[in-house]
Amino acid sequence: MDKAAVELLICPHCGGELRENGASLICSKGHTMNIARQGYVSLLGRDSGTHTADSAEMVAARARFLESGRFQPLVEALVASANSGRDATAESTGAVIDLGCGTGYYLSAVLEARPGSTGIGIDNSKFAARRAARCHERAGAVVADIWDEIPVKDGAAELVLNVFAPRNGEEIERILAPGGRLVVVTPQAGHLAELIERFGMISVDPDKEERLGRSLGPLAGAAESRELEWSMSLSRSEVRDLVEMGPSAGRMEAAEMETALQELEEETVVTAAVTVTTTTKEERQ
Numbered sequence: 001m002d003k004a005a006v007e008l009l010i011c012p013h014c015g016g017e018l019r020e021n022g023a024s025l026i027c028s029k030g031h032t033m034n035i036a037r038q039g040y041v042s043l044l045g046r047d048s049g050t051h052t053a054d055s056a057e058m059v060a061a062r063a064r065f066l067e068s069g070r071f072q073p074l075v076e077a078l079v080a081s082a083n084s085g086r087d088a089t090a091e092s093t094g095a096v097i098d099l100g101c102g103t104g105y106y107l108s109a110v111l112e113a114r115p116g117s118t119g120i121g122i123d124n125s126k127f128a129a130r131r132a133a134r135c136h137e138r139a140g141a142v143v144a145d146i147w148d149e150i151p152v153k154d155g156a157a158e159l160v161l162n163v164f165a166p167r168n169g170e171e172i173e174r175i176l177a178p179g180g181r182l183v184v185v186t187p188q189a190g191h192l193a194e195l196i197e198r199f200g201m202i203s204v205d206p207d208k209e210e211r212l213g214r215s216l217g218p219l220a221g222a223a224e225s226r227e228l229e230w231s232m233s234l235s236r237s238e239v240r241d242l243v244e245m246g247p248s249a250g251r252m253e254a255a256e257m258e259t260a261l262q263e264l265e266e267e268t269v270v271t272a273a274v275t276v277t278t279t280t281k282e283e284r285q
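In this note's numbering, the protein residues as written are 1 to 285.
In structure tokens form, the structure reads like this:
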């Protein structure tokens, strides 16, 4: 595991610093966490792991869909928001933490635009962490529950990403450095609207923006939002992956899914509509 990434992490049991010891991470109190052969480490705490994690099938569907480039407008907006106000020619040494990182797709894009930064992708799915561990040479991957204490040192993050994932505002504020930035991506009501009813997908909560503000706590005051919408012409296999890569996966029986897919045209136009919210932690006085 990348040495710079290890230096950002803390023990999930006692909060102590971690160091690499062969194929394990160990703290001063002797708590030991094995590094999986795929390169990630599990830092789940005693009370973690109670939330449903993405399955191998969901992660594989997400990898296929994202690699198609259909969400490239979002990637570009995310990178622009992450780097807004920075000197594009300056090398950054600050850490980038991606909470709910999935395959590491977005983390990789941001790291590519921030030479010198170290990234850590955190997800509660070991299948996601396996892929995230390989997403970029400067990225490490951790299995952890972001509703628990995030296993990252206080003030270690120059940038926190949160793309289509839950938020723990108190913990995000703790790990952000003064002046550090948080970029959150949430779906709008019209996101994937053409597919929701046909495939029994979970619709967007109409109070989602209000809940976002509440979840950010003190960070909400400086938040700025940008709405982004684009159209995608998707094949049946891409529609399948889009449905099966998120929280709506498994809501239809296989035969039902196949029937719904065959009822589509060869290409289906689908709307993507998201909000990119950026906020900054105040500098200490």
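Using N, Cα and C, we set each Cβ at its ideal position, and we do this for glycine too.
- Within the same chain, Cβ atoms closer than 6 Å to the Cβ of Ala61 are found at Asp241, Glu244 and Met245, the five residues on either side in sequence being excluded.
- Judged by their CB atoms, Asp154 and Ile175 are nearer to each other than the 9 Å cut-off.
- Between Pro178 and Lys281, the gap from beta carbon to beta carbon is short of 9 Å.
- Shortest Cα-Cα distance from Ile202 to any of Leu66, Gly250, Gly39 and Gly45 involves Gly250.
- Where Arg181 is concerned, the enclosing beta strand (DSSP E) starts and stops at Leu176 to Pro187.
- Within the region 45 to 110, complete alpha helix (DSSP H) segments of at least 4 residues are found at 56 to 67 and 72 to 83, given in chain order.
- With respect to the C-alpha of Asn168, the residue from Ala5, Leu159, Asp148 and Val185 having the closest C-alpha is Asp148.
- The distance from the Cβ of Gly217 to that of Glu253 is about 41 Å, inconsistent with a contact at the 8 Å cut-off.
- Residue state for Ile150 is assigned as coil, using DSSP reduced to three classes.
- Ranked by how close their Cα comes to the Cα of Gly140, the residues Arg226, Phe65, Ser108 and Cys14 have Ser108 in first place.
- Arg130 places its beta carbon less than 9 Å from that of Ala36.
- In the three-state reduction of the DSSP assignment, Ala272 falls in the strand class, which pools E and B.
- Pairing Ser225 with Thr271 gives a Cβ-Cβ distance that is not under 9 Å.
- Per DSSP, reduced to three states, the secondary structure at Ile202 is coil, with no helix or strand assignment.
- Judged by DSSP secondary structure, Glu238 falls within the alpha helix (DSSP H) whose first and last residues are Arg236 to Glu244.
- If you ignore the 5 residues before and after Gly213, its C-beta comes within less than 7 Å of the C-beta of Ala220, all in its own chain and listed in chain order.
- Beta-bridge annotation (DSSP): Thr259 is not paired with any residue.
- Per DSSP, the unbroken alpha helix (DSSP H) holding Ala129 starts and ends at Lys126 to Ala132.
- By the criterion of a C-beta distance shorter than 8 Å, Gly200 is surrounded in its chain by Ser248, Arg251 and Met252, once the five residues flanking it on both sides are discounted.
- In the same chain as Leu44, and ignoring 5 residues on each side of it, the C-beta atoms closer than 7 Å to its own belong to Pro12, Val143, Ala144 and Asp145, in chain order.
- Scanning its chain for C-beta atoms nearer than 7 Å, with the 5 sequence neighbours on each side dropped, one finds around Ser55 the residues Phe127, in chain order.
- Boundaries of the beta strand (DSSP E) around Ile26: Ser24 to Cys27.
- Taking a C-beta distance under 9 Å as the contact criterion, Val269 and Leu78 do not qualify as a contact pair.
- For the pair of segments examined, the region 61 to 76 was found not to touch the region 260 to 267: the number of CB pairs separated by less than 8 Å stays below three.
- With a cutoff of 9 Å on beta-carbon distance, Asp98 and Leu182 are scored as not near each other.
- Exclusion of the five residues before and after Arg64 leaves Asp241 as the residues of its chain whose Cβ lies within less than 7 Å of its Cβ.
- DSSP links Ala157 through a beta bridge to Ala95 and Leu176.
- According to the DSSP assignment, Leu195 belongs to the alpha helix (DSSP H) that extends over Ala193 to Ile196.
- Rounded to the nearest whole angstrom, the CA to CA distance from Met257 to Cys101 is 27 Å.
- For Ala139, the enclosing beta strand (DSSP E) begins and ends at Ala139 to Val143.
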